[in-house]
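Engineer: Residue 654 in the working numbering is what sits at position 214 of the sequence shown, and the numbering runs on without skipping anything.
Take this structure, written in structure tokens, and hold onto it; I'll ask about it next.
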Amino acid sequence: MNSEKEKQFDYMKKAGEIVKERASEKGRALTYFIQTFGCQMNAKDSEKFAGILEEIGYVATDGEDADFVLYNTCTVRENANLKVYGRLGVLKTKKKKNPEMLIAVCGCMMQEEEVREKIRQSYPYVDIVFGTHNIYKLAELVYDRLSSQKRVIDVYDEATMIVEDLPQHRKYSFKAGVNIMFGCNNFCSYCKVPYVRGRERSRKAEDILNEIKDLAADGVKEIMLLGQNVNSYGKTLEEPISFAALLKEAEKIEGIERIRFMTSHPKDLSDELIEVLKNSKKVCNHLHLPLQSGSSKILKDMNRHYTKEDYLSLVEKIKTANPDIALTTDIIVGFPGETEEDFEETIDVVRKVKFDSAFTFIYSKRTGTPAAKMENQIPEDVVKSRFDRLLSEVQNISSEVVKRYEGKTLPVLVEQINEQDSSLVTGRLSNNTVVHFEGDKSLIGQIIDVKLNECKGFYYLGSVAR
Ligand code: 5AD
Ligand code: SF4
């Protein structure tokens, strides 16, 4: 057994004894609440935290009136940081009412010295601070805090080890994220991720495949392979393996019916992957391919290593092999130096590619990144107006594109009861489009043939096919 793993299970037990004692003093179970900010990686990490906290004896609850509140933070855009500070402010009053409450913050923001300093100075009631490189230590940190009454701040500058097989509490019984790699080596000039998540490290294929087999045995039908740049998976392993080859292995696992992955950097997308997308029955008909900008000049300043033409010809190649594929993307508006012409190039790519959907972001200046030092930062009003134009272009195109299956019958994996109307269930097509149709909770986790009666912009209303 991995000795770090053993050590952490030991801490779970020791922390568990203290939690049990406190619960019996209070005459009720102690509760936890995790709020996740940011990407799928964070969502996955939060499932690991939930697993550890439950092993310790905490019971999940829905809001911040919990005995243990954990914020798993994101620092990609400044907004995300501001939200965390705002929420921490609210927690102060809650902690006054429940002085034994523990507050923990972790994740990407905590990798930044100035954030830690601010928390040290201005948020003395935060009990535990840890970063992205020691998430496996949560039980130890909880134990340290419970047994010493001192706040615990533990952040590593660099990644150390990948600790396998710690508990996880999955949010869904039928779908799961699976980390295949951590970190990023790309240093896009606007992005904080390489600084806060460290260098690229791939998990061993064997560990990944074993995890997927266990998930399948546990009833999971859909997996999402996670990495900042999955296309460079495996290159630095002792036994190198390509991402496409990993997909082919994952596909062999019985019980798994859908395989998704996030995120693909266009510069590393291989012909081998395009072939797998084309031939595989299980790899979903969807590719998220961040564009960021349509201007070759801006792309160069962003350090993206492709031009507008490279991107368009890659899309052409992908669509020729997979005419039905749903393409989605990320776009940043207002990168330093972006002129009206540069912005028009972005609009041009959006029109040519016809994305099924696009996440559009206003450029956020992040301290420590090369772009933050660039001249020509764009005035807010100009960015806002470009953002609005882009959004309406994206929405118009997407409502046309998404509609292409209207009237057809396609399989839907049912995910949940519809949030607005409890007579409906909500699920997704292989291409990730959302579908609502009449049904009840017995359908959750099943793949059902649904007739797509009507497209409502970015989703469908359907009915069970007979
Ligand atoms: N400003 C705005 N958007 C950003 N992203 C990353 N860094 C920034 C930033 N500084 C976006 C990119 C990336 C997505 C996850 O977040 O589009 O693909
Ligand atoms: Fe950030 Fe670029 Fe790495 Fe994506 S590929 S995480 S945008 S540096």
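For every residue, glycine included, the Cβ atom is placed at its ideal position computed from N, Cα and C.
Looking at the C-beta of residue 552, does it have a partner C-beta in chain B at a distance below 8 Å?
Structural biologist: The displayed structure is made up of one protein chain only, and chain B is not part of it.
Engineer: Under the rule that 16 or more other beta-carbon atoms within 10 Å means buried, what is residue 506, buried or exposed?
Structural biologist: It is buried - the Cβ of residue 506 has at least 16 other Cβ atoms within 10 Å.
Engineer: Please classify residue 844: does DSSP put it in a helix, a strand, or coil?
Structural biologist: In the structure shown, residue 844 sits in a helix (DSSP, three-state: H, G or I).
Engineer: Can you tell me the Cα-Cα spacing of residue 919 and residue 748, whole angstroms?
Structural biologist: This structure gives no information on residue 919, because the portion of the chain shown stretches from 441 to 906.
Engineer: Among residues of its own chain, excluding the 5 on either side of residue 684, which ones have a beta-carbon nearer than 8 Å to its beta-carbon?
Structural biologist: Same-chain partners within the cutoff: 710, 712, 713, 715 and 716.
Engineer: Using CA coordinates, which residue listed in 658, 826, 796 and 814 is at the minimum distance from residue 869?
Structural biologist: Measuring from the Cα of residue 869, the nearest candidate turns out to be 796.
Engineer: Thinking C-beta only, is residue 639 closer than 8 Å to residue 625?
Structural biologist: Yes, these two residues count as a Cβ contact at 8 Å.
Engineer: Check residue 488 in the structure and name its three-state DSSP category.
Structural biologist: Residue 488: helix per DSSP, three-state reduction.
Engineer: Using the Cα positions of residue 642 and residue 650, report the straight-line distance between them to the nearest angstrom.
Structural biologist: Between residue 642 and residue 650, the C-alpha separation is close to 15 Å.
Engineer: Relative to the C-alpha of residue 884, which residue among 559, 462, 661 and 464 is closest?
Structural biologist: It is 661.
Engineer: Check whether the Cβ of residue 624 sits closer than 7 Å to any heavy atom of ligand 2, and report yes or no.
Structural biologist: Indeed, a heavy atom of ligand 2 lies less than 7 Å from the Cβ.
Engineer: Taking the runs of the alpha helix (DSSP H) that are 4 residues or longer, which of them lie wholly in the region 557-596?
Structural biologist: Complete alpha helix (DSSP H) runs here, min 4: 578-588.
Engineer: Are residue 656 and residue 695 close, meaning C-beta to C-beta below 8 Å?
Structural biologist: Going by C-beta atoms, residue 656 is nearer than 8 Å to residue 695.
Engineer: Considering only residues of the same chain and omitting the five flanking positions on each side of residue 770, which have a CB-CB separation below 6 Å?
Structural biologist: Excluding positions up to five away in sequence, the list reads 730 and 799.
Engineer: Do the CB positions of residue 541 and residue 571 come within less than 8 Å of each other?
Structural biologist: No.
Engineer: Which residues in the same chain have their Cβ closer than 8 Å to the Cβ of residue 843, if we skip the five residues on either side of it in sequence?
Structural biologist: The answer, listed in chain order, is 895.
Engineer: So what does DSSP say about residue 827, is it helix, strand or coil?
Structural biologist: Helix.
Engineer: On the three-pair Cβ rule with 8 Å, is the region 469-479 touching the region 605-624?
Structural biologist: Judged by Cβ distances under 8 Å, the region 469-479 makes no contact with the region 605-624, as fewer than three pairs qualify.
Engineer: Please give me, in chain order, every unbroken run of the beta strand (DSSP E) with length at least 3 that falls completely inside the region 681-768.
Structural biologist: Fully enclosed beta strand (DSSP E) runs of 3 or longer: 698-702 and 726-728.
Engineer: Hey, out of 871, 882, 529 and 557, whose CA is closest to residue 766's CA?
Structural biologist: Nearest of 871, 882, 529 and 557 to residue 766, Cα basis: 871.
Engineer: Expressed to the nearest angstrom, what Euclidean distance is found between the alpha-carbon atoms of residue 805 and residue 623?
Structural biologist: Cα to Cα, residue 805 sits roughly 21 Å from residue 623.
Engineer: Is it the case that the Cβ atoms of residue 890 and residue 852 are separated by a distance below 8 Å?
Structural biologist: In contact: residue 890 and residue 852 (Cβ atoms closer than 8 Å).
Engineer: Considering only their Cβ atoms, is the gap separating residue 832 from residue 898 smaller than 8 Å?
Structural biologist: No, they are not a contact pair.
Engineer: Report the rounded CA-to-CA distance for residue 705 versus residue 772, giving the unit in angstroms.
Structural biologist: Between residue 705 and residue 772, the C-alpha separation is close to 15 Å.
Engineer: Counting only runs of 3+ residues fully inside the region 591-679, write out the beta strand (DSSP E) ranges in chain order.
Structural biologist: With a minimum length of 3 residues, the continuous beta strand (DSSP E) runs that stay inside the region 591-679 are 592-594, 615-619 and 662-666.
Engineer: For residue 418, is the beta carbon positioned less than 7 Å from some heavy atom of ligand 1?
Structural biologist: The first residue shown for the chain is 441 and the last is 906, placing residue 418 beyond what the model contains.
Engineer: Answer yes or no: do residue 823 and residue 774 have a C-beta to C-beta separation smaller than 8 Å?
Structural biologist: Going by C-beta atoms, residue 823 is nearer than 8 Å to residue 774.
Engineer: Looking at ligand 2, does it come within less than 7 Å of residue 633, judged from the CB to the closest heavy atom?
Structural biologist: Checking every heavy atom of ligand 2 against the Cβ of residue 633, one is found closer than 7 Å.
Engineer: Taking the beta strand (DSSP E) that residue 891 belongs to, which residues open and close that run?
Structural biologist: First-last of the beta strand (DSSP E) with residue 891: 887-895.
Engineer: Flag this pair as yes or no: are the beta carbons of residue 406 and residue 578 separated by less than 8 Å?
Structural biologist: Absent from the structure is residue 406, since the part of the chain shown begins at 441 and ends at 906.
Engineer: Which residues in the same chain have their Cβ closer than 7 Å to the Cβ of residue 751, if we skip the five residues on either side of it in sequence?
Structural biologist: Excluding sequence neighbours, residue 751 sits near 706, 731 and 789.
Engineer: Determine the direct distance from the alpha carbon of residue 621 to that of residue 470, and round the result to whole angstroms.
Structural biologist: Between residue 470 and residue 621, the C-alpha separation is close to 34 Å.
Engineer: Going along the chain, which unbroken runs of the alpha helix (DSSP H) with 4 or more residues stay wholly within the region 475-562?
Structural biologist: If we require 4 residues or more, the alpha helix (DSSP H) runs fully inside the region 475-562 come out as 480-496, 518-537 and 553-562.
Engineer: Expressed to the nearest angstrom, what Euclidean distance is found between the alpha-carbon atoms of residue 450 and residue 459?
Structural biologist: Looking at the two C-alpha atoms, the distance is approximately 14 Å.
Engineer: CA-CA distance, residue 779 and residue 635?
Structural biologist: Taking the straight line joining both Cα atoms gives about 28 Å.
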